[in-house]
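Undergrad: Residue numbers (my numbering): 1341 to 1511.
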Ligand SMILES: [Zn+2]
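(1) Taking the alpha carbon of residue 1450 as the reference point, which residue from 1402, 1409 and 1366 has its own alpha carbon closest?
(2) Give the straight-line distance between the Cα atoms of residue 1488 and residue 1435, rounded to the nearest whole angstrom.
(3) What would DSSP say about residue 1441, mapped onto helix, strand or coil?
(4) Taking 8 Å as the threshold, find out whether the stretch 1369-1385 comes into contact with the stretch 1472-1487 through three or more Cβ pairs.
(5) Looking at residue 1426 and ligand 1, is the gap between the Cβ and the nearest heavy atom below 8 Å?
(6) Distance, Cα to Cα, residue 1405 vs residue 1464?
(7) Between which two residues does the alpha helix (DSSP H) carrying residue 1390 extend?
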């Protein structure tokens, strides 16, 4: 494969072994009961506790999280406890009760919008993924639960920073 000089070290790494990385991602999705909404690597719905473990494994794989969004798990129990739904219609929960509704009105956590931007071109693939994922991990672990919109019904939508042309088999 030719090397594109404008590619960051991070993307060069992804392009160097796409099949290997995609297979590893699929197996992580299975391990952590991730429910991708579409056929790409955005809106990967996963509960908060599993998301924390998954993010750590993504760092080992040198895959960076680029954004976190929020999905409400609508179940009869959550409806009576927390007043769900908190968003608009969505997919059935494949590994648990109820369905998910997408919380468009809640603020995303976007890595590139953080105060000290992470420069993809000046870092190694490992350092870039580690830095992005640390920001996502710290937010989920320490900040999310004190956000004004927080509710225990909320799941995370993980967005991975991978090439747009990477398809997934929509299962
Ligand atoms: Zn809810």
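C-beta: ideal position from N, C-alpha, C; glycine also.
TA: In terms of the structure at hand:
(1) 1409
(2) 28 Å
(3) strand
(4) no
(5) yes
(6) 15 Å
(7) 1388-1400
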